[in-house]
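First up is the structure itself, then whatever we jot down about it.
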Amino acid sequence: MKVERMRELDGKLISHLFQAAGVAFIAANGTFFQDEDNILLVAREGGQAAGFLYAYVLEAPHDLRPKMFLYSIDVFPEFQRRGVGTALIEELKRLASDRNCSEIFVLTNASNPAANRLYQKTGGIRENPDDVMYVYPL
Ligand SMILES: CC(C)(COP(=O)(O)OP(=O)(O)OC[C@H]1O[C@@H](n2cnc3c(N)ncnc32)[C@H](O)[C@@H]1OP(=O)(O)O)[C@@H](O)C(=O)NCCC(=O)NCCS
């Protein structure tokens, strides 16, 4: 299996990735992942896309080091439980370290055992179990 950072958006690949992940991909912004701070990693097995993640480098005025926000990770059903998610996260850890990030953070649901297991297995710590997320629909 190969994990590759993709900067050039091939419209076909990107709509395949998002559709396979069950997301309606609306507008392909061809330059989005050319930004050094916007990271798209694609895992391939035998040339076939097996899964992907995207993540953002976030700066804050009070922090000398940026943080990496893992926004989304999906491994397609036929490739699950074969280490693809682990390989994607390990590569993101490598990139985050190269970018001098102080941490990677990700949000998930208690009701998603696969995601929780993946994050724990790859070294993620549930730092504050009291965290709650609010959304302001606009
Ligand atoms: C979560 C997800 C990315 C995991 O990817 P994956 O390639 O199957 O993960 P890996 O094969 O690297 O497995 C990592 C660990 O998670 C465990 N795991 C994977 N799927 C699991 C499941 N359905 N139930 C319980 N544990 C699971 C694995 O067993 C492994 O732990 P182990 O080695 O100790 O057994 C994948 O299930 C997925 O795409 N789910 C749908 C999208 C999603 O929920 N994304 C996360 C949103 S926050």
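Heads up, the sequence shown is in our numbering, so the first residue is 1436 and it goes up one at a time. Using N, Cα and C, we set each Cβ at its ideal position, and we do this for glycine too.
Return the residue from the list A1459, F1453, Q1469 that minimises the CA-CA distance to M1441. Q1469
So is the beta-carbon of R1442 under 6 angstroms away from any non-hydrogen atom of ligand 1? no
Is it buried or exposed, Y1571, if we count other Cβ atoms within 10 angstroms and call 16 or more buried? exposed
How far does the alpha helix (DSSP H) with Y1554 in it extend, from its first residue to its last? 1548-1556
Tell me, please, whether the CB atom of L1499 is closer than 7 angstroms to any CB atom in chain B? The structure shown has no chain B; it contains just one protein chain.
Can we say the segment 1509-1522 touches the segment 1473-1488, given the rule of at least three CB pairs closer than 8 angstroms? yes
Less than 7 angstroms between the C-beta atoms of V1541 and A1478, yes or no? no
If you measure from the CB of I1539, is any heavy atom of ligand 1 nearer than 6 angstroms? no
Which whole runs of the alpha helix (DSSP H) in the segment 1440-1528 are 4 residues long or more, in chain order? 1446-1455
Which one or two residues does DSSP pair with V1438 in a beta bridge? A1478
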